[in-house]
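One line per chain: the protein sequences are F and Y, in this order. Here our numbering runs 5 ahead of the position in the first sequence, where the first position is 1. Here our numbering runs 2 ahead of the position in the second sequence, where the first position is 1. Structure, as structure tokens:
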Amino acid sequence: MGYALGVLTLSCIQGIAALGLAIFTGFTGQFSLGHAAFMGIGAYTAALLTYFAGVPFVIAVVAGALAATVISLVIGVPTLKAKLRSDYFAIAIMGFGEAVRVILENLQITQGARGLPGITRYTNLPVALLALAIMAWLARNFILSKYGWRAIAVREDPVAAEMMGIDLFRTKLLSLGASAFFSGVAGGLLAHYLMFIQPVMFTNVQSTQLIAAVVAGGIGSLTGPVLAAAIFIIIPELLRVANMWRLVIYGLMLILIMVFRPAGLMGYHELSLEWLRGLGRRNRRLTTNA
Amino acid sequence: MRDTMMLELRGVSKSFGGIKAITDLSMEVAEGEIVGLIGPNGAGKTTVFNLVTGVYRPDSGEIVFRGESVGGLPPHVIVSKGVARTFQNIRLFNNLSVLDNVKIALHSQPEYGLGAALAGLGKVAIENKRIVAKAREFLDMVGLSDRAKLRAGALPYGLARRLEIARALALNPRLLLLDEPAAGMNPDEIADLKELILKIHKDFNLTIVLIEHRMDLVMATCPRLVVLNFGTKIAEGSPEEIQTNPQVLQAYLGEDY
Ligand SMILES: Nc1ncnc2c1ncn2[C@@H]1O[C@H](COP(=O)(O)OP(=O)(O)O)[C@@H](O)[C@H]1O
Ligand SMILES: [Mg+2]
Numbered sequence: 006m007g008y009a010l011g012v013l014t015l016s017c018i019q020g021i022a023a024l025g026l027a028i029f030t031g032f033t034g035q036f037s038l039g040h041a042a043f044m045g046i047g048a049y050t051a052a053l054l055t056y057f058a059g060v061p062f063v064i065a066v067v068a069g070a071l072a073a074t075v076i077s078l079v080i081g082v083p084t085l086k087a088k089l090r091s092d093y094f095a096i097a098i099m100g101f102g103e104a105v106r107v108i109l110e111n112l113q114i115t116q117g118a119r120g121l122p123g124i125t126r127y128t129n130l131p132v133a134l135l136a137l138a139i140m141a142w143l144a145r146n147f148i149l150s151k152y153g154w155r156a157i158a159v160r161e162d163p164v165a166a167e168m169m170g171i172d173l174f175r176t177k178l179l180s181l182g183a184s185a186f187f188s189g190v191a192g193g194l195l196a197h198y199l200m201f202i203q204p205v206m207f208t209n210v211q212s213t214q215l216i217a218a219v220v221a222g223g224i225g226s227l228t229g230p231v232l233a234a235a236i237f238i239i240i241p242e243l244l245r246v247a248n249m250w251r252l253v254i255y256g257l258m259l260i261l262i263m264v265f266r267p268a269g270l271m272g273y274h275e276l277s278l279e280w281l282r283g284l285g286r287r288n289r290r291l292t293t294n295a
Numbered sequence: 003m004r005d006t007m008m009l010e011l012r013g014v015s016k017s018f019g020g021i022k023a024i025t026d027l028s029m030e031v032a033e034g035e036i037v038g039l040i041g042p043n044g045a046g047k048t049t050v051f052n053l054v055t056g057v058y059r060p061d062s063g064e065i066v067f068r069g070e071s072v073g074g075l076p077p078h079v080i081v082s083k084g085v086a087r088t089f090q091n092i093r094l095f096n097n098l099s100v101l102d103n104v105k106i107a108l109h110s111q112p113e114y115g116l117g118a119a120l121a122g123l124g125k126v127a128i129e130n131k132r133i134v135a136k137a138r139e140f141l142d143m144v145g146l147s148d149r150a151k152l153r154a155g156a157l158p159y160g161l162a163r164r165l166e167i168a169r170a171l172a173l174n175p176r177l178l179l180l181d182e183p184a185a186g187m188n189p190d191e192i193a194d195l196k197e198l199i200l201k202i203h204k205d206f207n208l209t210i211v212l213i214e215h216r217m218d219l220v221m222a223t224c225p226r227l228v229v230l231n232f233g234t235k236i237a238e239g240s241p242e243e244i245q246t247n248p249q250v251l252q253a254y255l256g257e258d259y
């Protein structure tokens, strides 16, 4: 039972990070293979604050998220400005992810590659669920506001968006900052659940898992990526696969989703009763036609 | 400065690699005018729009919008000063609804900040509702209100062009640039488009530059024409003057004329 609760807790935490990347990739159309680094910054900042300074848990998590946001803006300003080369950012963020790992492995205070043990466990399933609910609510509010309209316009057609008077750079930067905040919150929660963090937890493998959740969950959806993030945590656990096979399982799951639902689990839709009813209707129609 | 000038190009040039798309072009558009910009394919008409809207930076020369030099400013800044355009190859947000296309054009109007948006304050919903109502008014104006929920990409050609005009109008422009709005339309649709152009010109106090190959539409809407060929202005005047201008005939009919 404790094990199942643990898997669910991790799913909620991963869901928060996936929400953040959904804003940046799913709604703003910008690709990132480095968001795990923002989780790492959130995790280490929050953990060091509770561990060394006795800062209250919630404040430490928020501080970690803010640190991730500030650093994301530092990366974003020069790279997102390169107007004609949208791949600048995608490449820079990969390098950035590696740089964060190297820094974490070589700093005294983070205790290098061996990792930081002895973090107090503040995160449990109710805390993670509550955090997921709050973050999902924030993400929804963002997407439904004029800030979300701008992001969606940039995703759909940057040239047309600019002709609508939308500042591409500011729109992308805002989405990046927001997504880094979500990643930072996820990192802070993770550190205080596992009670131990290590730089290797926040590398390309984790970044890939996040982007996979967003793509498989569906572009233009918040609930889809949360669902996919949970599936990507739960299925390998259920199958009890060895670590080396996990990436194979992810790849397989991605291929299956893309074959059967090319727009992702929930592309352009949100998980709701209405949607489920619609899904039922569509399936019935398919079967009666056949 | 003559305050009646909406747009002035002063000796503007632009080349792409070796191709001189625009060479030393000067032209003026007075406030309230409808000016036709015509010329053979590849003459540089669309490039003029791209320069005026900041898509391209001029290599040399000056672009003045309402007395202010705007050459090389980013598009969103120029748009916010009051320039709107449509595209020769229609650029709608195809995956979004017809209504959302216009809503996005109104993105700068809701009066709330990021904090209020994140907190989901009541005024956010109220403001968003106001914007939706406003967007519907623009759809009404171009006759698309019964298709508000349709995916924009599913619109037939003629209606897609009208939606693009509605979206441009929602930006509350002073100067509207229309790039071949009649392309792909049948004669009935072109007649409707003519009415629409004249109506919005009057109702919104607009200044319009119209790129168009359909001479019936140009003659019916533009009291003054500017003719481009190979990136330079070869003639300027009323439709009657242009129709009999030997250089224009040569440009359109070739050297053998
Ligand atoms: N982005 C670009 N890159 C290279 N060449 C371009 C570009 N835009 C326009 N041109 C060239 O500039 C010339 C004028 O094009 P354009 O302004 O589209 O003509 P028109 O709209 O009058 O048909 C053409 O020779 C075209 O190939
Ligand atoms: Mg053209």
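Glycine is no exception: its CB is placed at the ideal position from the N, C-alpha and C atoms.
Distance cutoff 8 angstroms, beta carbons only. Does residue i sit that close to anything in chain F?
i: Thr71(Y); result: The residue you asked about is not Thr; residue 71(Y) is Ser in the sequence shown. It does not: the Cβ of Ser71(Y) has no partner Cβ on chain F nearer than 8 angstroms.
i: Thr209(Y); result: no
i: Met3(Y); result: For Met3(Y), the pLDDT reaches just 45, beneath the cut-off of 50, and the residue's location in the model is therefore unreliable, although a value from the coordinates is still provided. Judged by the 8 angstroms Cβ criterion, Met3(Y) is not in contact with chain F.
i: Val54(Y); result: no
i: Asn231(Y); result: no
i: Gly117(Y); result: no
i: Ala107(Y); result: yes
i: Phe67(Y); result: no
Buried or exposed: which applies to residue i, given that a residue is buried once 16 or more other Cβ atoms fall within 10 Å of its Cβ?
i: Ile96(F); result: exposed
i: Thr125(F); result: exposed
i: Gln113(F); result: exposed
i: Gly7(F); result: exposed
i: Glu197(Y); result: exposed
i: Phe29(F); result: buried
i: Thr292(F); result: Annotation note: pLDDT 40 at Thr292(F) (below 50); position unreliable, coordinate value reported separately. The residue in question, Thr292(F), is exposed, as its Cβ has fewer than 16 Cβ neighbours within 10 Å.
i: Ala65(F); result: buried
i: Thr6(Y); result: exposed
i: Met169(F); result: buried
i: Phe201(F); result: exposed
i: Arg175(F); result: exposed
i: Asp102(Y); result: buried
i: Gln249(Y); result: exposed
i: Ala127(Y); result: exposed
i: Arg169(Y); result: buried
i: Phe186(F); result: buried
Which one of the options has the shortest CA to CA distance from residue i?
i: Glu243(Y); options: His78(Y), Gly233(Y), Leu255(Y), Met221(Y); result: Met221(Y)
i: Gly272(F); options: Cys17(F), Val66(F), Val219(F), Pro204(F); result: Val219(F)
i: Leu276(F); options: Leu227(F), Gly81(F), Tyr49(F), Leu215(F); result: Leu227(F)
i: Met8(Y); options: Glu30(Y), Asp26(Y), Gly20(Y), Val14(Y); result: Glu30(Y)
i: Gln245(Y); options: Leu227(Y), Gly63(Y), Thr234(Y), Phe232(Y); result: Leu227(Y)
i: Ala162(Y); options: Ile199(Y), Thr88(Y), Ile133(Y); result: Thr88(Y)
i: Lys131(Y); options: Ser150(F), Leu121(F), Pro122(F), Met140(F); result: Ser150(F)
i: Gly160(Y); options: Ala135(Y), Ala168(Y), Ala137(Y), Glu191(Y); result: Glu191(Y)
i: Thr128(F); options: Ile240(F), Gly269(F), Cys17(F), Leu270(F); result: Cys17(F)
i: Ile210(Y); options: Glu182(Y), Ala193(Y), Gly233(Y); result: Glu182(Y)
i: Leu173(F); options: Leu230(Y), Gly69(Y), Leu11(Y), Val79(Y); result: Val79(Y)
i: Ala193(Y); options: Leu152(Y), Gly239(Y), Val134(Y), Asp218(Y); result: Asp218(Y)
i: Ala118(Y); options: Ile98(F), Leu143(F), Ala72(F); result: Leu143(F)
i: Tyr254(Y); options: Ala45(Y), Glu10(Y), Ile202(Y), Thr223(Y); result: Ala45(Y)
i: Leu177(Y); options: Thr55(Y), Asn91(Y), Ser99(Y); result: Thr55(Y)
i: Asn146(F); options: Leu152(Y), Val134(Y), Tyr114(Y); result: Tyr114(Y)
i: Val75(F); options: Ile139(F), Gly229(F), Ala42(F); result: Ala42(F)
Is residue i close to chain Y, meaning its C-beta is less than 8 angstroms from at least one C-beta of that chain?
i: Leu78(F); result: no
i: Ala156(F); result: no
i: Ala68(F); result: no
i: Ala136(F); result: no
i: Ile171(F); result: yes
i: Asp92(F); result: no
i: Met168(F); result: yes
i: Leu281(F); result: no
i: Glu161(F); result: yes
Sufficient close CB pairs (3 or more, under 8 angstroms) joining the segment 100-107 of chain F to the segment 198-208 of chain F: yes
The segment 135-152 of chain Y in contact with the segment 156-167 of chain F per 3-pair CB rule at 8 angstroms: no
Any 3 or more C-beta pairs closer than 8 angstroms across the segment 186-196 of chain F and the segment 102-109 of chain Y: no
The segment 227-237 of chain F touching the segment 175-195 of chain F, judged by at least three CB pairs closer than 8 angstroms: no
Sufficient close CB pairs (3 or more, under 8 angstroms) joining the segment 55-66 of chain Y to the segment 149-157 of chain Y: no
3-residue-minimum beta strand (DSSP E) runs that sit fully inside the segment 174-227 of chain Y, ordered along the chain: 177-181, 209-213
At least three beta-carbon pairs within less than 8 angstroms, the segment 141-158 of chain F to the segment 48-65 of chain F: no
Alpha helix (DSSP H) runs wholly inside the segment 125-194 of chain F, at least 4 long, in chain order: 130-149, 151-161, 163-168
4 or more residues per run - each alpha helix (DSSP H) lying fully within the segment 119-158 of chain Y: 124-143
Contact the segment 22-37 of chain Y vs the segment 70-86 of chain Y: 3+ CB pairs below 8 angstroms: no
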